[in-house]
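Asker:
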Amino acid sequence: MSEHLHREQMRYLWDSPTALREMTDFLIRRLAGSTRPVVLVCIGTDRSTGDSLGPLTGTLLKERYLKQMNVYGTLDEPVHAKNLHGVIAEIEADYDDPFIIAVDACLGRRQNVGTVVVGDGPLYPGSALSRELPPVGNMHITGIVNVAGFMELSVLQNTRLHTVMNIAKLIASAIKYTDWKLHRENEAIHEAHTNVVLFKRNEKTAEV
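Residues in the sequence shown are numbered consecutively from 1, following this note's numbering.
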């Protein structure tokens, strides 16, 4: 569960009719044209309802079979304070210059509960609970699941699953659509390259 906010960010209320399209467009603008492998690190634990946003999102994404992105952190295999260092080390060893998107829950103002915050730069997991964990990600996606300010641990444990689930569905849907569009873009590039190669071969054959 994280607390830090960043300058370069967009906010989407989960029940806004334009949230899915706008969030997808933002993600595509950030990721289109990059050749870096995209890795999603969904942070949290299902032992606390409010802090389960990350693993819930990761589970939804695993069920949707992403083609361009890799997912770490699910209800079955959560990424949390005890194993975060190891997971990040594993990702850095397995992928060449990965672009990491960190997903986590956070607390905020009452009027912002239900809002998804997407922006550039890392998030700082555990900061709201005074845990010293490394910053994670080239981009962050956080969902404001409840109100900050007093007895945060208790607040997280008493957060409505309804709120967390709706935020997780929005994040997972936006990432799935982004993945699909990036996959189509890469297929089009590959097809265009293949056509150029075939055209050049045909030209050489005609000359002979």
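Every residue gets a Cβ at the ideal spot worked out from N, C-alpha and C, and that includes glycine. As the structure is a prediction and not an experimental result, all values here were calculated from the model.
1) Report, in whole angstroms, the separation of the C-beta atoms of residue 176 and residue 66, which I expect to be a contact under 8 Å.
2) Can you find the residues in the same chain that come closer than 6 Å, C-beta to C-beta, to residue 87, ignoring five residues on each side of it along the sequence?
3) Grouping DSSP H, G and I as helix and E and B as strand, with all else coil, what is residue 162?
4) DSSP three-state label for residue 9, please.
5) Give me the Cα-Cα distance between residue 119 and residue 104, rounded to the nearest whole angstrom.
6) Pull the bridge partners of residue 103 from the DSSP assignment, please.
7) Just to confirm, is the Cβ distance from residue 164 to residue 59 under 8 Å?
8) Quick check on the DSSP output: the beta strand (DSSP E) that includes residue 50 runs from which residue to which?
9) Does DSSP classify residue 35 as helix, strand or coil?
10) With distances taken Cα to Cα, identify the nearest neighbour of residue 9 among 82, 141, 68, 56.
11) For residue 83, does the three-state DSSP call read helix, strand or coil?
12) For the alpha helix (DSSP H) containing residue 155, name the first residue and the last one.
13) Which stretch, first to last residue, makes up the beta strand (DSSP E) that contains residue 115?
14) Tell me, to the nearest whole angstrom, how far the beta carbon of residue 144 is from that of residue 108; I am working on the premise that it is less than 8 Å.
15) According to DSSP, is residue 123 part of a helix, a strand, or is it coil?
16) Which two residues bound the contiguous beta strand (DSSP E) that contains residue 70?
17) Assuming residue 84 contacts residue 133 (C-beta within less than 8 Å), just tell me the rounded distance between them.
18) Measuring straight from C-alpha to C-alpha, what distance separates residue 126 and residue 82?
19) By alpha-carbon positions, which one of 74, 39, 21 ends up nearest to residue 96?
20) Write down the C-beta distance between residue 116 and residue 23 rounded to the nearest angstrom, noting that I regard them as a contact closer than 8 Å.
21) Taking C-alpha atoms, which residue in 25, 69, 47 lies nearest to residue 154?
Answerer: For this structure:
1) Between residue 66 and residue 176 the Cβ distance is about 7 Å, and since that is below 8 Å, they are a contact.
2) If we look at residue 87 and ignore the five residues flanking it on each side, its Cβ neighbours are 72, 79.
3) Assignment of residue 162 by DSSP, reduced to helix, strand and coil, places it in the helix class.
4) The three-state secondary structure of residue 9, taken from DSSP, is strand.
5) CA-to-CA, the gap between residue 119 and residue 104 works out to about 13 Å.
6) According to DSSP, residue 103 bridges with 42, 141.
7) No, they are not a contact pair.
8) Under the DSSP assignment, residue 50 falls outside any beta strand (DSSP E); it carries neither an H nor an E label.
9) Assigned with DSSP and collapsed to three states, residue 35 falls in coil, not helix or strand.
10) If we check each option's Cα against that of residue 9, 141 comes out closest.
11) Annotated three-state conformation of residue 83 is coil, per DSSP.
12) Annotation: the continuous alpha helix (DSSP H) that includes residue 155 extends over 152-157.
13) Per DSSP, residue 115 belongs to the beta strand (DSSP E) from 115-120.
14) That belief holds up - the Cβ atoms of residue 144 and residue 108 are roughly 4 Å apart, short of 8 Å.
15) Secondary structure at residue 123: strand, using DSSP grouped into helix, strand and coil.
16) Taken as a continuous stretch (DSSP letters only), the beta strand (DSSP E) holding residue 70 covers 69-72.
17) Contact flag correct, Cβ pair sits at about 6 Å.
18) Cα-Cα distance, rounded: 11 Å.
19) Taking each of 74, 39, 21 in turn and checking the Cα distance to residue 96, the smallest one comes out for 39.
20) Right, the Cβ-Cβ distance comes to about 7 Å (below 8 Å), so this counts as a contact.
21) Nearest C-alpha to residue 154: 47.
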